[in-house]
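Protein chains in written order, with this note's numbering: chain A, 1039 to 1395; chain B, 81 to 390.
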């Protein structure tokens, strides 16, 4: 997979995704052109809506926070060779757990409540995704299918509880859990209208990058992903590592639910389920499951999402235009996998000569 | 007549489940037959969830514009065929993972269907006709349960034909060999990549037809919430069916019955746990996968080239 000459692999890692994104943008432009929309107007509006002003930057960052956290739910297991796509379920149940704990501890004081809400969200999200890992390890059940089935089951559980046991009787038109107390709400980063979930995402990305790339545990995880037979021969206990990567990833997605509840909506309801878990899969693949690369990719994809409203208002495109672009992007990025190590980059002669010397 | 209906009482539940099993199972049946064919050639296509939605949308739009639901079924199949070809072609590139491409096409199919389907949410397209096999009874529930759609019968006939074809036809042998060992297939001079692409395309066609059933018969209209997970459930069901087309038929009926339980109970006034009953097919799928799979051995009947069971 990787080439012996490191510089070419580095160029690959940057140039190929950029190329795939360009191809996806061209294909998307052709798609909207067929529908009578000027593709260049669409590109300009997308940039404007995503990064054109301080307001749009804020909007993009706000959307990127849950994407960073849900992308980790796919990225961590992926490094151990598992394709897990269950972040949406962990987000739903994590958010619900946070809302329930927030309601139970009403009046216990802000810091205590927020901490307990975070712990509950991480544990519930982690356990839910670890279940897919456990089924994979002990029963040989395909983790991709299992994690997606768990998403549907989680959403059913979520709706069942929000419309039943945990419903706030005052929420008439839109069934919701009781609102959490004012002092238990998570505020914004000073100077930005973006909540602390973004910082949590950045910190977790950094921590997971160190874990994967710079520790023996991470080395074991990568070995399991690259060559499970060798890992087994080396005496690694695969089950523990599989549970750990799935559990940590699920905990990150559960925290995405916490911030959606405690920093954005103030309660758990259907507004949580807008597909951050599914878009996170795309972010993880686009970042090639590298926790540090997830950050810029999530901001880019969050920006595309943020520009959806503008495309809808100005160009009369359906809101699903963003989904189409995301789908095209996903397919081009996967097809581009085939290019790694096959492009012969040429070093500028002067650099090559200096290296040879 | 209404007294006869009321007299049924709780007996209406198993009856509604039976009728519902046939009705709800049809999309499962088509998707699982399509996936069965694809997997027998050694590829897994998780994108059939997106194909199903794309088929539902394109079938509905075509039926609306032409006035013919059967033209809708055909176009839905062709849309599925295109998605299958796309999956097959991309996966034929070296080092491209078929499971990941399936996830990508799942999102792309959903997005495209939502985008193109916006104008079709309101208007009413002509639906597929049903055969009234309950004409002999005066009880409306019996009549409703035995109202069977022609597509179900077509699917039910496809299953044994596919089984026979895989076992006895030369092309069926090619598909099985390619799925069990690409090296052996190459040694025999069979075209491995072309076979896989066409098996995926044909599988996509079937899944598209399954989607047309959703929008043109039951529930019978196009909306964005039309399919949530039927496609992926059907993919899992193929494992349960041990890659046998007849097994796909039986498993689809079982899952259709599970899916019909919620609405059936609701019709007799049980509204508690509505969402949980709707999640029953997914829980059942997970349950049978836990029972059917094993960490130690390859499953009986699993194509050797398949990445889904290792």
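From the three backbone atoms N, C-alpha and C, an ideal C-beta is built for every residue, glycine too.
Could one say the Cβ of residue 1173 of chain A lies closer than 9 Å to chain B's Cβ atoms, at least one of them?
Answer yes: the Cβ-Cβ gap between residue 1173 of chain A and chain B drops below 9 Å somewhere.
State the Cα-Cα distance for the pair residue 128 of chain B and residue 250 of chain B, rounded to the nearest angstrom.
Approximately 27 Å, taken between the alpha carbons.
Give the residues from the segment 1359–1381 of chain A that approach chain B closer than 7 Å (Cβ to any Cβ), ordered along the chain.
Within the segment 1359–1381 of chain A, the residues whose Cβ lies closer than 7 Å to some Cβ of chain B are 1359, 1361, 1362, 1364, 1365, 1366, 1368, 1369, 1372, 1373, 1375, 1376, listed in chain order.
Is residue 323 of chain B buried or exposed, if buried means 16 or more other CB atoms sit within 10 Å of its CB?
Residue 323 of chain B is buried by the Cβ-count criterion.
Is the number of C-beta pairs between the segment 1200–1208 of chain A and the segment 1260–1267 of chain A that are closer than 8 Å three or more?
Short answer: they don't touch.
List the residues of chain B that residue 1184 of chain A touches, going by C-beta distances under 8 Å, in chain order.
In chain order: 366, 369.
Taking C-beta to C-beta, are residue 171 of chain B and residue 1180 of chain A nearer than 9 Å?
Taking 9 Å as the Cβ cut-off, residue 171 of chain B and residue 1180 of chain A do not qualify as a contacting pair.
Apart from the five residues on each side of it in sequence, which residues of its chain come closer than 7 Å, Cβ to Cβ, to residue 1114 of chain A?
Answer for residue 1114 of chain A: 1246, 1283, 1286, 1287, listed in chain order.
Taking three-plus beta-carbon pairs below 8 Å as touching, is the segment 1204–1217 of chain A in contact with the segment 1298–1312 of chain A?
These segments touch.
Round the Cβ separation of residue 279 of chain B and residue 385 of chain B to the nearest angstrom and send it over; I've been treating them as touching at under 8 Å.
Residue 279 of chain B to residue 385 of chain B, Cβ: 12 Å. No contact.
Check whether the segment 1327–1338 of chain A touches the segment 1096–1110 of chain A, taking contact to mean three or more Cβ pairs, one atom from each stretch, closer than 8 Å.
Result yes; three or more Cβ-Cβ pairs closer than 8 Å.
Just reading off the alpha helix (DSSP H) that residue 358 of chain B is part of, what are its end residues?
Run containing residue 358 of chain B: 354–358, per the alpha helix (DSSP H) assignment.
Determine the extent of the beta strand (DSSP E) in which residue 210 of chain B is found, giving its start and end residues.
210–212 is the extent of the beta strand (DSSP E) around residue 210 of chain B.
Per DSSP, residue 228 of chain B is paired with what?
Paired residue(s): B:211.
Taking only runs that begin and end inside the segment 1303–1329 of chain A, name each unbroken alpha helix (DSSP H) of 4 or more residues, in chain order.
For the segment 1303–1329 of chain A, whole alpha helix (DSSP H) runs of length 4 or above, ordered along the chain, are 1314–1324.
Hey, could you find the ends of the alpha helix (DSSP H) residue 1374 of chain A is sitting in?
Residue 1374 of chain A -> no alpha helix (DSSP H), and no H or E assigned at all.
Cα separation between residue 136 of chain B and residue 238 of chain B?
About 20 Å.
Is there a Cβ from chain B that is less than 9 Å from the Cβ of residue 1040 of chain A?
The predicted position of residue 1040 of chain A is uncertain, since its pLDDT is 42 and thus under 50; a value taken from the coordinates is nonetheless stated next. Answer no: the Cβ-Cβ gap between residue 1040 of chain A and chain B never drops below 9 Å.
Tell me the residue span of the alpha helix (DSSP H) that contains residue 204 of chain B.
That residue, residue 204 of chain B, is in no alpha helix (DSSP H); it is neither H nor E in DSSP.
Starting from the N-terminal side, write out each stretch of the alpha helix (DSSP H) that is 4 residues or longer and does not extend beyond the segment 1116–1164 of chain A.
Listed in chain order, the complete alpha helix (DSSP H) runs (minimum 4 residues) inside the segment 1116–1164 of chain A are 1125–1142.
Figure out for me which residue from B:294, B:367, B:120 has the closest Cα to the Cα of residue 247 of chain B.
Residue 247 of chain B has its Cα closest to that of B:120, out of B:294, B:367, B:120.
Mind reading off the beta-carbon distance from residue 283 of chain B to residue 156 of chain B? Whole number of angstroms is fine, and I expect it under 8 Å.
Actually they are not in contact, since the Cβ atoms of residue 283 of chain B and residue 156 of chain B sit about 14 Å apart, beyond 8 Å.
Name, please, each residue of chain A whose Cβ falls closer than 7 Å to the Cβ of residue 362 of chain B.
Here the neighbours are 1187, 1190, 1191.
Can you give the Cα-Cα distance for residue 1088 of chain A and residue 1296 of chain A, rounded to whole angstroms?
Rounded to whole angstroms, residue 1088 of chain A to residue 1296 of chain A spans 25 Å at the Cα level.
So what does DSSP say about residue 138 of chain B, is it helix, strand or coil?
In this structure, residue 138 of chain B counts as helix in the three-state DSSP scheme.
For a quick check, are the C-beta atoms of residue 1318 of chain A and residue 1294 of chain A less than 9 Å apart?
A contact, by the Cβ cut-off of 9 Å.
Mind reading off the beta-carbon distance from residue 166 of chain B to residue 315 of chain B? Whole number of angstroms is fine, and I expect it under 8 Å.
Wrong, their Cβ atoms sit about 17 Å apart, outside the cutoff.
For residue 83 of chain B, count the other beta carbons within 10 Å of its own beta carbon; 16 or more makes it buried, fewer makes it exposed. Which is it?
Because residue 83 of chain B carries a pLDDT of 44, less than 50, the predicted location of this residue cannot be relied on, and no value is offered for it.
Establish whether the CB of residue 234 of chain B and some CB of chain A are separated by less than 9 Å.
Residue 234 of chain B does not count as touching chain A.
Within the same chain, show all residues whose beta-carbon is closer than 7 Å to that of residue 1158 of chain A, passing over the 5 residues directly before and after it, in chain order.
Within the same chain, residue 1158 of chain A has close Cβ partners 1135, 1136, 1139.
Taking residue 298 of chain B as part of the alpha helix (DSSP H), name the residues at either end of that continuous run.
Careful: residue 298 of chain B lies outside any alpha helix (DSSP H) and carries neither H nor E.
Alpha carbon to alpha carbon, how far is residue 226 of chain B from residue 81 of chain B? Give it in angstroms, no decimals.
Note that residue 81 of chain B scores 39 on pLDDT, short of 50, meaning its location in the model is unreliable; the coordinates nonetheless yield the value given after this. About 17 Å.
How is residue 105 of chain B classed by DSSP in three states: helix, strand or coil?
DSSP places residue 105 of chain B in helix when its eight states are reduced to three.
Which stretch, first to last residue, makes up the alpha helix (DSSP H) that contains residue 1223 of chain A?
Element bounds for residue 1223 of chain A: n/a, residue is neither H nor E.
Which residues mark the beginning and the end of the alpha helix (DSSP H) in which residue 41 of chain B is found?
Nothing can be reported for residue 41 of chain B: it is not among the residues displayed for chain B, which extend from 81 to 390.
Looking only at its own chain, which residues have a Cβ that is under 6 Å from the Cβ of residue 295 of chain B, when we skip the five neighbours before and after it?
Around residue 295 of chain B: 136, 139, 140, 302.
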